[in-house]
Amino acid sequence: MRNIFALAVALIFTGLSSHAQISTPAASPSCSITQQIGLTNLSLEYSRPSARGRAIFGDLLPYGVEWRTGANSPTTLTFDKPVMIRGQELAAGSYVISSVPGKTEWTVTFSQNDQKVMSLKIMPVAYPAHVETLSIQFEKITETSADLQILWEKTLISIPMAFKTDEQVMAQIESFAKNPEASLANSYYQAASYYLNTGRDLNKALEWVNKAIAVNDGFFWQHRTKALILAGLGKYKEAIASAQVSTEKSKVAGNADYPRLNDKSIAEWQTKK
Numbered sequence: 069m070r071n072i073f074a075l076a077v078a079l080i081f082t083g084l085s086s087h088a089q090i091s092t093p094a095a096s097p098s099c100s101i102t103q104q105i106g107l108t109n110l111s112l113e114y115s116r117p118s119a120r121g122r123a124i125f126g127d128l129l130p131y132g133v134e135w136r137t138g139a140n141s142p143t144t145l146t147f148d149k150p151v152m153i154r155g156q157e158l159a160a161g162s163y164v165i166s167s168v169p170g171k172t173e174w175t176v177t178f179s180q181n182d183q184k185v186m187s188l189k190i191m192p193v194a195y196p197a198h199v200e201t202l203s204i205q206f207e208k209i210t211e212t213s214a215d216l217q218i219l220w221e222k223t224l225i226s227i228p229m230a231f232k233t234d235e236q237v238m239a240q241i242e243s244f245a246k247n248p249e250a251s252l253a254n255s256y257y258q259a260a261s262y263y264l265n266t267g268r269d270l271n272k273a274l275e276w277v278n279k280a281i282a283v284n285d286g287f288f289w290q291h292r293t294k295a296l297i298l299a300g301l302g303k304y305k306e307a308i309a310s311a312q313v314s315t316e317k318s319k320v321a322g323n324a325d326y327p328r329l330n331d332k333s334i335a336e337w338q339t340k341k
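Structural data, given as structure tokens:
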């Protein structure tokens with residue numbers, strides 16, 4: 069009987085302890101960021117401490133001492149395609165970011181499996197406003213570049229990153245060109261648009277867009293792109309004709325933007341033909 073009573077008491081206290089967990093806010097809450105730059109997908113995981121009236125760099129975080137560039141768990145940056153930093157390539161994967169703050173120079177390190185992969189010397193920049201909570205962010209984003217910024221208190225660290233977007237797109241186009249019979253109209257159109265938008269061979273772009281139209285002639289935006297390619301080749305009369313087809317098809321589709329764009333282009337091209 070005594071053993072049964074002891075067991076019952078133990079079960080009661082076990083039940084109480086399992087329900088006695090209290091959740092409280094983290095002093096440095098975790099943050100997750102996902103960002104696409106060009107064709108590269110990036111994710112950033114870090115914790116965000118706040119200043120709370122404390123002096124940070126040179127005080128709470130002494131100069132010359134390694135910092136996890138956040139709080140709690142290590143700060144981690146992951147990307148699914150290679151990234152270039154100051155001419156050096158970081159292979160796709162996950163990297164822990166650590167740093168050694170300095171008054172006139174920081175050292176920022178990217179590591180994998182406790183092994184240093186890349187180390188950078190970066191000059192800190194005085195930020196004009198007080199930033200209360202640590203922020204790590206992607207800024208100045210283009211199709212081929214971005215800055216990874218570390219910003220806290222009145223200090224800004226900016227790490228320039230470059231992405232092989234053009235190389236990746238061209239690889240797709242070249243692969244597609246080898247097997248055009250397996251591609252749809254949209255693939256031809258995307259190839260033509262990319263050639264046009266990046267200043268490549270417009271005769272090749274015209275070839276691509278004509279193939280797109282041959283597969284499916286129902287899209288007004290294809291004829292608009294063809295008109296722009298023809299104009300780029302100096303074939304303004306043909307460009308006007310393609311723009312007019314684009315306008316007709318866009319009106320049938322109920323699109324009001326393309327007729328306006330085409331009218332503006334036609335007015336310009338009529339002075340040149």
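One point on numbering: in the working numbering, the residue at position 183 of the sequence shown is 251, and numbering is uninterrupted. Glycine included, every Cβ here is placed at the ideal spot set by N, Cα and C.
By alpha-carbon distance to ASN265, the top candidate from THR146, ALA309 and THR293 is THR293. When the alpha-carbon of SER310 is set against those of CYS99, GLU113 and VAL277, the nearest one is in VAL277.
Per DSSP, ILE124 lies in no alpha helix (DSSP H) segment and is marked neither H nor E. For GLU207, same chain residues with a beta-carbon under 6 angstroms away, outside a window of 5 residues either side, are ASP215 and GLN217 in chain order. Per the Cβ contact rule, the segment 152–167 is in contact with the segment 225–239 (3 or more Cβ pairs under 8 angstroms). Contact check for THR137 against SER166 passes: the beta carbons are separated by less than 7 angstroms.
Counted as a single uninterrupted DSSP element, the beta strand (DSSP E) harbouring ASP215 occupies residues 213–231.
In terms of Cα proximity to LEU158, the closest of THR172, THR177, GLU242 and ASN330 is THR177. Fewer than three Cβ pairs drawn from the segment 188–197 and the segment 239–247 lie within less than 8 angstroms of each other, which leaves the two stretches out of contact. When DSSP states are grouped into helix, strand and coil, TYR256 belongs to the helix group. With respect to the C-alpha of ASN330, the residue from THR315, LYS340, VAL185 and LYS319 having the closest C-alpha is THR315.
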